[in-house]
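Comments concern the structure below.
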Amino acid sequence: KGFSSVNFFLSLYRFQAFVYFASVFQAMSCGIHYLASVFMAVTPNFVCGIPGNVSSVLFYNSSESSLEDIWTLWTSTENYIVVQLENGEIWELDQCSRSKRENSLDLAYEYKGNKSIFSCSDGFLYDDTKWKSTVVTQWDLVCDREWLAKLIQPTFMLGVLIGAVIFGDIADRLGRQRVIWFTSAGQFVFGIAVAFTFDYYSFVIVRFLLAMVSSGYLVVAFVYVTEFVGIKARTWASMHVHAFFAMGVMIVALVGFLVRTWWVYQICLSIATLPFVLCCWMLPETPFWLLSEERYEDAQKVINIMARWNKVSTPCKVSELCSVQQDDLVGGRMGDNDTSSTKKHNILDLFCNWHIARRTITVWLIWFTGSLGYYVFSLSSVSLGGNEYLNLFLIGAVELPCYIIACIGMDKLGRRNTLIPFLILSALICVLIMFIPQDFNTLIILANMAGKFSIGVAFGLIYLYTAELYPTIVRSLAVGSGSMMCRVGSVVAPFCVYLRSVWIFMPLLLVGIMALLSGILTIMLPETLGKPLTNTLVEATEMGRSKKSCSGKTPPAHSGAALEKIEMFGQETISTEK
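Convert by adding 708 to the 1-based position in the sequence shown; the result is the number in the working numbering.
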């Protein structure tokens, strides 16, 4: 009766397996580009440039002949370096200014005499012991230009938000196949183009376009694999898309460790998924979309291909599917005398009464908190101390088991009963990290992994839970609006991470408060495990009030019953609910 990860793989027939793994493989590129900036836009130690050749360098009691030897001693941004030029001038170099000592011939670190302060008109000197080049060092995004560096990740996430909206709509109009082709090629082209941008503004613009196509691919890929995978495997299929995204994060850590020049690093990350770009044209359009567009001949071709791959000798005919569909539609009309099914719904329907409004606010808060926590833990991982590459790799790796736990918990304990403890646990972990001494790097990293694990479970299951909480007439609207709140959280997350400069625990405090509030409010949500999907707002409201499941009959979804016959040639029952 239970369904496991092993059952999921066994349930896929050859054609569905090919389509599924080919599609989710490219999801790695989304994880790659979403987190690429953690190393590409890193700010190394730096000081003001100097107007001449250096003969001696002094840092406290250490004297060296070059600046490169001083960086290993650099411990704070409040430090300064004293240098003596070949012409005898002595300068004090701070991060955003430099001072020339007047009437001083002795090279000493402390100086009480007169100094002339100058701006950094000769550029900056950077510590290149870890990174040979980053976008920060390339375009001097420090001091009064530091805010430009801090906009790199938020502008990317803004592109993610806009791309999800645009390409989701295009996929419904032009088909999933074309969008997958375009966004896959776009990820490769824009990914390579980023490495060859000539200034900061072109870099941000191309990255914005890259974010749009990456987000567009991820959104459409969820729909695409859902329409090919059977209903019993749908939960596991959607979770494993998240798992491939996490593998992309792990690839970022690996490539970042091996390549220390930002534009070479970007090219390597973009090439990682080139095999999919070369073969994505082989992916067919989904029968769902083809039938909805009345392209019956094309749908029959896809069905025949599926039958050959799955070695089924008698594939079903589109004419049979159409006859079932027509019967369902006629029956649906006869059984429903009101006009509610034809009414156009909008965002206000998610606040039609107090129970639904409270549910909507809670769901939106969970979406926002899940995204905020996910990216705060991910983006902060490189600042935890120790090996930043290993930290990011572990933060990505911990997601793989968390999605398995989420699936098992949803099937065994229920959606709400899994969501509540993991939201509250993530809040407690945020508080726990604040009390760990800063020199306990290993313990801090493990606690952050636990926090990412717990927020990942909540973030993973909210997709399905949202769809089950709302009736058919506003289900897509509810999931879409929740996804929008998720994107808002991803835009806010980088700014939240920057608050570390105000107080090192400020990001964790904000995530902890949001997670605790979300966990408490989730208690008021109804459990949906084992309950039929509702069709009207009245039924959805009653689900929240009554402990018993709704008993209303579910009218056939458009073309859903017809497509159940695909089971004849190797597909389990498919539903059109997304």
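Beta carbons: idealized from backbone N, C-alpha and C, even for Gly.
When the options are compared against residue i, the one with the closest alpha-carbon
| i | options | result |
| --- | --- | --- |
| ALA929 | CYS738, LEU856, LEU833, ASP1006 | CYS738 |
| MET920 | VAL887, ILE1137, TRP944, PHE1076 | VAL887 |
| ILE789 | GLU797, ARG806, ASN795, GLY796 | ARG806 |
| ILE1112 | LEU1218, GLY1164, LEU1133 | GLY1164 |
| LEU1080 | LYS808, LEU1218, GLU772 | LEU1218 |
| ALA749 | GLN861, GLY1188, MET1214 | GLN861 |
| ASN769 | ASN753, ASN787, ILE758, PRO752 | ASN787 |
| ASP880 | ASP777, ASN795, PHE996 | PHE996 |
| GLY949 | LEU869, GLY964, TYR925 | For the sequence presented, residue 949 should be read as Val rather than Gly. Residue TYR925 is the option with its Cα nearest to VAL949. |
| LEU801 | CYS828, ASP777, LYS820 | CYS828 |
| ASP835 | GLU1005, TRP1062, ILE778 | ILE778 |
| THR891 | THR751, ASN1018, ASN795, GLN734 | GLN734 |
| THR845 | ASP1147, ARG1067, ILE1013, TRP970 | TRP970 |
| GLY1094 | TYR909, PHE1148, GLY1188 | PHE1148 |
| LEU982 | LEU1177, GLY899, ALA903 | GLY899 |
| PRO752 | LEU1151, TRP1211, SER745, LYS838 | LYS838 |
| VAL1090 | LEU1127, VAL1205, ILE1074 | VAL1205 |
| ILE1128 | MET947, HIS1063, ASN1054, VAL1071 | VAL1071 |
| LEU771 | ASN811, LEU815, CYS804, ALA1248 | According to the sequence displayed, residue 771 carries Ser and not Leu. That would be LEU815, whose Cα lies nearest to the Cα of SER771. |
| PRO1150 | ARG1183, LEU1092, SER1134 | Note that residue 1150 is Thr in the sequence shown, not Pro. Comparing Cα-Cα distances from THR1150 to each of ARG1183, LEU1092, SER1134, the minimum goes to LEU1092. |
| SER1135 | GLY1220, TYR1173, TYR819, LEU998 | A quick correction: the sequence has Ala, not Ser, at residue 1135. It is GLY1220 whose Cα lies nearest to the Cα of ALA1135. |
| TYR1171 | PHE936, LEU1154, VAL931, GLN803 | VAL931 |
| PHE1213 | GLN1146, TYR1173, PHE896 | GLN1146 |
| SER923 | TYR908, SER910, GLN895 | GLN895 |
| ASP848 | ILE1116, THR863, PHE832, LYS840 | PHE832 |
| ALA730 | ARG1124, ASP852, CYS988 | CYS988 |
| HIS1063 | ASP852, VAL791, ARG853, LEU1233 | LEU1233 |
Beta-ladder partner(s) of residue i, from DSSP
| i | result |
| --- | --- |
| TRP799 | VAL791, LYS808 |
| PHE896 | In DSSP, PHE896 forms no bridge with anything. |
| LEU833 | VAL755 |
| ILE825 | SER807 |
| SER922 | Answer is none; SER922 lacks a bridge partner. |
| SER841 | THR969 |
Span separating the alpha-carbon of residue i from that of residue j
| i | j | result |
| --- | --- | --- |
| GLY1122 | GLU1235 | 7 Å |
| LEU962 | SER1000 | 43 Å |
| ALA1007 | PHE747 | 45 Å |
| GLU1107 | LEU793 | 53 Å |
| ASN1156 | GLY871 | 30 Å |
| VAL727 | THR1077 | 32 Å |
| MET736 | LEU991 | 17 Å |
| SER774 | ILE1144 | 38 Å |
| ILE1013 | ALA954 | 32 Å |
| ALA1201 | LEU1087 | 8 Å |
| ALA945 | GLU776 | 51 Å |
| VAL985 | GLY757 | 44 Å |
| CYS1258 | CYS1110 | With a pLDDT of only 37 at CYS1258, under 50, the local geometry of the prediction cannot be trusted, and no value is derived from it. |
| ASP1057 | PRO1215 | 34 Å |
| LEU882 | GLY867 | 21 Å |
| ARG1016 | LYS858 | 53 Å |
| PHE1203 | VAL1084 | 9 Å |
| VAL843 | GLY760 | 25 Å |
| HIS741 | ASN795 | 48 Å |
| ILE912 | GLU1247 | The amino acid at residue 912 is misidentified as Ile; the sequence shows Val. Cα-Cα distance, rounded: 47 Å. |
| GLU1250 | ILE1137 | 36 Å |
| ASN1243 | PHE965 | 51 Å |
| ARG722 | ASN1018 | 6 Å |
| LEU1102 | ASP1119 | 27 Å |
| GLU818 | TYR973 | 41 Å |
| PHE754 | ILE959 | 28 Å |
Residue i in three-state terms, based on DSSP
| i | result |
| --- | --- |
| TYR728 | helix |
| SER1257 | Interpretation of SER1257 is limited by its pLDDT of 38, a score under 50 that renders its predicted location unreliable; the figure taken from the coordinates is listed afterwards. SER1257: coil per DSSP, three-state reduction. |
| ILE959 | helix |
| THR969 | strand |
| PRO1129 | helix |
| ARG1003 | coil |
| LYS1019 | coil |
| PHE979 | According to the sequence displayed, residue 979 carries Ile and not Phe. Three-state DSSP puts ILE979 in a helix. |
| PHE936 | coil |
| TYR742 | helix |
| PHE1203 | helix |
| PHE723 | helix |
Test: residue i CB closer than 7 Å to a CB of chain C
| i | result |
| --- | --- |
| MET1118 | Among the chains in the structure shown there is no chain C, since it carries only a single protein chain. |
Quiz item: Which runs of the beta strand (DSSP E) fall wholly inside the region 750 to 776 and span at least 3 residues, in chain order?
Solution: 754 to 756, 762 to 767, 770 to 772
Quiz prompt | Segments of 4+ residues assigned as alpha helix (DSSP H) that fall wholly inside the region 849 to 910 | solution = 854 to 858, 860 to 882, 884 to 903
Practice problem: List in chain order: all unbroken alpha helix (DSSP H) runs of 4+ residues lying wholly within the region 1049 to 1088. | Solution: 1062 to 1088
Quiz item: Whole alpha helix (DSSP H) runs in the region 1133 to 1194 with 4 or more residues, listed along the chain?
Solution: 1149 to 1177
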